[in-house]
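What follows is a set of notes on a single structure, which appears directly below.
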Amino acid sequence: MATTAAKARQDLSTAPSVITLRGVNKWYGQFHVLSDINLDVKLGEKIVVCGPSGSGKSTLIRCINRLEEHQQGDIVVDGVTLSNDVKNIEAIRREVGMVFQSFNLFPHLTILDNLTLAPIWVKKMPKKDAEEVAMNLLTRVRIPEQANKYPGQLSGGQQQRVAIARALCMRPKIMLFDEPTSALDPEMVKEVLDVMVELAREGMTMICVTHEMGFARAVADRVIFMDRGEIVEQNEPEEFFANPKNERTRLFLGQILHH
Amino acid sequence: MTDAMPVGERRQLAPPTVDTGAFGWARKNLFSSWGNSLTTIVLALFFGWLLSWFLNWALFTATFDAKTGAECRGHGACWALIHEKYRYIFFGSFPYEQHWRPLFAVIAMLAMLVLSADRRMWNKRLLLIWGVGTFVTFLLMFGQLHISIGLILFVALAAGGLGMILHGTIASPAEINGWRALAAIGAIGLLLRLFGVLPAWSLAIAPLSYVETGLWGGIPVTMILATYGLVFAFPFGILLALGRRSNLPLIKGLCVGFIELIRGVPLISLLIMASVMLPLFLPSGMTIDKFLRAQVAVILFAGAYIAEIVRGGLQSLPKGQFEAADAMGLSYAQKTTLIILPQALRVVIPPLINTFIGFFKDTSLVLIIGIFDFLNTANQALVDPNWAGFPGEVYLFAAFVYFCFCFSMSRYSKHLEIELNKGTRR
Numbered sequence: 143m144a145t146t147a148a149k150a151r152q153d154l155s156t157a158p159s160v161i162t163l164r165g166v167n168k169w170y171g172q173f174h175v176l177s178d179i180n181l182d183v184k185l186g187e188k189i190v191v192c193g194p195s196g197s198g199k200s201t202l203i204r205c206i207n208r209l210e211e212h213q214q215g216d217i218v219v220d221g222v223t224l225s226n227d228v229k230n231i232e233a234i235r236r237e238v239g240m241v242f243q244s245f246n247l248f249p250h251l252t253i254l255d256n257l258t259l260a261p262i263w264v265k266k267m268p269k270k271d272a273e274e275v276a277m278n279l280l281t282r283v284r285i286p287e288q289a290n291k292y293p294g295q296l297s298g299g300q301q302q303r304v305a306i307a308r309a310l311c312m313r314p315k316i317m318l319f320d321e322p323t324s325a326l327d328p329e330m331v332k333e334v335l336d337v338m339v340e341l342a343r344e345g346m347t348m349i350c351v352t353h354e355m356g357f358a359r360a361v362a363d364r365v366i367f368m369d370r371g372e373i374v375e376q377n378e379p380e381e382f383f384a385n386p387k388n389e390r391t392r393l394f395l396g397q398i399l400h401h
Numbered sequence: 061m062t063d064a065m066p067v068g069e070r071r072q073l074a075p076p077t078v079d080t081g082a083f084g085w086a087r088k089n090l091f092s093s094w095g096n097s098l099t100t101i102v103l104a105l106f107f108g109w110l111l112s113w114f115l116n117w118a119l120f121t122a123t124f125d126a127k128t129g130a131e132c133r134g135h136g137a138c139w140a141l142i143h144e145k146y147r148y149i150f151f152g153s154f155p156y157e158q159h160w161r162p163l164f165a166v167i168a169m170l171a172m173l174v175l176s177a178d179r180r181m182w183n184k185r186l187l188l189i190w191g192v193g194t195f196v197t198f199l200l201m202f203g204q205l206h207i208s209i210g211l212i213l214f215v216a217l218a219a220g221g222l223g224m225i226l227h228g229t230i231a232s233p234a235e236i237n238g239w240r241a242l243a244a245i246g247a248i249g250l251l252l253r254l255f256g257v258l259p260a261w262s263l264a265i266a267p268l269s270y271v272e273t274g275l276w277g278g279i280p281v282t283m284i285l286a287t288y289g290l291v292f293a294f295p296f297g298i299l300l301a302l303g304r305r306s307n308l309p310l311i312k313g314l315c316v317g318f319i320e321l322i323r324g325v326p327l328i329s330l331l332i333m334a335s336v337m338l339p340l341f342l343p344s345g346m347t348i349d350k351f352l353r354a355q356v357a358v359i360l361f362a363g364a365y366i367a368e369i370v371r372g373g374l375q376s377l378p379k380g381q382f383e384a385a386d387a388m389g390l391s392y393a394q395k396t397t398l399i400i401l402p403q404a405l406r407v408v409i410p411p412l413i414n415t416f417i418g419f420f421k422d423t424s425l426v427l428i429i430g431i432f433d434f435l436n437t438a439n440q441a442l443v444d445p446n447w448a449g450f451p452g453e454v455y456l457f458a459a460f461v462y463f464c465f466c467f468s469m470s471r472y473s474k475h476l477e478i479e480l481n482k483g484t485r486r
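Protein sequences, first through last, are from chains B and Z.
FYI, in our numbering the residues of the first sequence are 143 to 401.
FYI, in our numbering the residues of the second sequence are 61 to 486.
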């Protein structure tokens, strides 16, 4: 499976960068959570970020859409440099979709309303058009029949697929996934991963924090290993899993692959 | 039976039956042992005796028709007193032959409240209902309304400005232009008025004789103070709660200071401030109606309490809700009105209604500054020497009326909770 996926991968050497991080540093109080991060993400590239708990991987992707503020360095997303300007931040957030570990659907709105909210209010899309887009996306994540239910009536896997569809409704250039399958029961992980693989095949730029190594092998162009706030190692998945260079990477892979 | 069935082919069994029906329930809960049976019987006898005594007093030996209190003596309850005084208790010193006006004002307010209780009305129609209801109520109470051109222009400016702020991020461009136009008309008109270009004209609607607020009393006063107090205090409290969570130190400081200050003093002292101290600070010749001052005091006081309740609701929301709204690119106003408040307010319905009920009754404190609300007119009815000696009947009657209002609020809160939580169970 890994080899066929590798063949399907597009050539990214000429693709332009959509996300650039230069010397990014962040502290929580005294704790240095991101130290001197440099990262270049090409248009259409799929990156999987892994690493032990507390290594700063979630913080890294949450800095990209300003859910967290970095203290040093530059982050450029789609040509816009992140600053404290609200207009700037909102412009970037329109281009960057995000999927959370705990789904974060809005429980007081129906599935359809969850999906159409941002297109209607942020993009000023007419309600009818927004609903059409939403229904198309619900069909794509294979739950159109749930459109008029509330999030609380759906299973975890279904909720996460709705969350992916909700992010896609804004037609983002970039998708960020923050451990999308960690809160799911094992039998629901696959249905969410399937949707993500499909999305990757369509050429979406993705940064995905996950420990699903099968997913990394199948779609990632690059796997990044983080530990203690640094990018310790990054490589193509075959190389990354076959012979990790760094001792810490080997230790981590040994722990997660051996059970 | 069950063990005879092989694993994987088990039928779904019905749950075991329990003692059902009234008889079964009673045997299980009331007569399960000798001690319980004895307690049940003793308590039943006691309550039976209490009820028979009350019915005897309130119905069988009661006087319903009497000219003076003297005829009631030696009998049970003196309901003739209520019959004699009910119009004063309900409407206070309002001119007697004009009592139909407060009556219809109360009906208008009740209609307004009942209509807005229906969730299907929670849209633009609500503004219409309250506009018409408020206009009718105050026209009936005052008899004459003189609306100056300055006030009309100010309302236009305020409504336009508010529409721009609230709808600026969540409406179509055409709608925003409408609000802008309204605000511009208000602003330009006010300027023209200020420079004397527009004359000091006022719209006079005067179909009835004028009745000043000093003569108002009874149920309309209680209802106006409570309804408008809470209607204005509610959005004010929400703004205070949001301000208290603001990242801007100045706004946060002001809100915290205001809430702590207001919560730190009793309502009575605020009322006395409004009635005695405030006029001292006003320039000479300028007066503000006493009723209005009491109303503003109630609004400020209730606002501080509501703010803390709403803050509780805001804090109960998981952080992920804020983050999801942020990540979608919603602005602060959109996030707050579309995502955060609908959920936060739902959580705080019970404590909110609790506060509403409290303030409905607390309005009686306006007696301290010489305004006669329902409880105070009831109290006043006892002063008549012809009917001295029957406080129980009057207070029981007042309690009954208060109970009707408060109990309906409480039931409505329950209904609203169920209604709003339909399908949204997590």
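Don't be surprised by glycine CBs; every beta carbon is placed ideally from N, CA and C.
Model, not experiment: these values are computed from the prediction.
When the beta-carbon positions are compared, tyrosine 148 of chain Z and alanine 441 of chain Z come within less than 7 Å of each other. Just measuring C-alpha positions, the residue of B:Ala307, B:Glu237, B:Asn207 sitting nearest leucine 224 of chain B is B:Asn207. Only exposed fits cysteine 464 of chain Z, as fewer than 16 other CB atoms lie within 10 angstroms of its CB.
For glutamine 214 of chain B, the enclosing beta strand (DSSP E) begins and ends at 214–219. Taking a cut-off of 8 Å for Cβ pairs, the segment 300–308 of chain Z and the segment 216–225 of chain Z do not touch, as fewer than three such pairs fall below it.
About 6 Å separates the CB atoms of methionine 330 of chain B and serine 297 of chain B; that is less than 8 Å, so the two are in contact. Taking C-beta atoms as the reference points, leucine 163 of chain B and lysine 184 of chain B fail to come closer than 7 Å. Ranked by Cα distance from proline 162 of chain Z, the first of Z:Met283, Z:Trp94, Z:Lys127, Z:Leu173 is Z:Met283.
When secondary structure is reduced to three states using DSSP, histidine 250 of chain B falls in the coil class, being assigned neither helix nor strand.
Ranked by Cα distance from phenylalanine 450 of chain Z, the options Z:Ala171, Z:Gly136, Z:Leu285, Z:Leu200 are led by Z:Gly136. Closest by C-alpha distance to arginine 343 of chain B, out of B:Met368, B:Arg308, B:Phe357, B:Phe245, is B:Phe357. Residue range 347–351 is occupied by the beta strand (DSSP E) that includes isoleucine 349 of chain B. Not one beta carbon of chain Z lies nearer than 7 Å to the beta carbon of valine 222 of chain B. DSSP places cysteine 315 of chain Z in the helix class (H, G or I) of the three-state scheme. Look at alanine 264 of chain Z here: in three-state DSSP terms it is strand. CA-to-CA, the gap between valine 264 of chain B and glutamate 321 of chain B works out to about 26 Å. Counted as a single uninterrupted DSSP element, the stretch harbouring histidine 206 of chain Z is not any alpha helix (DSSP H) but the beta strand (DSSP E) occupying residues 205–208. Taking the Cα positions, leucine 377 of chain Z is about 25 Å away from valine 291 of chain Z. For phenylalanine 367 of chain B, the enclosing beta strand (DSSP E) has its first and last residue at 364–369. For leucine 176 of chain B, the uninterrupted beta strand (DSSP E) segment begins and ends at 173–184. For a cut-off of 8 Å, the C-beta gap from leucine 268 of chain Z to isoleucine 322 of chain Z is around 37 Å, too long to register as a contact. Following the DSSP letters along the chain, one finds valine 190 of chain B inside the beta strand (DSSP E) bounded by residues 188–192. Counting along the chain, threonine 162 of chain B sits inside the beta strand (DSSP E) bounded by residues 159–170. Residues are counted here when their Cβ sits less than 8 Å from a Cβ of chain Z; for the segment 253–282 of chain B these are Leu259, Ala260, Trp263, Val264, Lys266, given in chain order.
The closest CA to that of leucine 425 of chain Z, considering only Z:Pro259, Z:Asn414, Z:Leu412, Z:Asn439, is found on Z:Asn439. Within the DSSP secondary-structure output, threonine 123 of chain Z pairs in a beta bridge with Z:Cys138. With a cutoff of 7 Å on beta-carbon distance, leucine 176 of chain B and valine 166 of chain B are scored as near each other. Looking at B:Ile217, B:Ser195, B:Met317, B:Gln243, the one whose alpha-carbon comes closest to that of lysine 188 of chain B is B:Met317.
Glycine 380 of chain Z has a beta carbon lying within less than 7 Å of a beta carbon in chain B. At a beta-carbon threshold of 8 Å, none of the residues of chain Z lie near glutamate 321 of chain B; the nearest stands roughly 13 Å away.
For alanine 260 of chain B, same chain residues with a beta-carbon under 8 Å away, outside a window of 5 residues either side, are Arg308, Cys311, Met312 in chain order. Z:Gly249 is the residue among Z:Ala266, Z:Tyr270, Z:Gly249 whose C-alpha sits nearest the C-alpha of alanine 260 of chain Z.
Taking C-beta atoms as the reference points, threonine 437 of chain Z and glycine 152 of chain Z count as a pair closer than 7 Å.
For the pair leucine 242 of chain Z and glycine 277 of chain Z, the CB atoms are not nearer than the 7 Å cut-off.
In the DSSP assignment, no residue is bridged to valine 407 of chain Z.
Check the Cα spacing between isoleucine 265 of chain Z and each of Z:Trp139, Z:Phe198, Z:Ile328: the tightest is with Z:Phe198.
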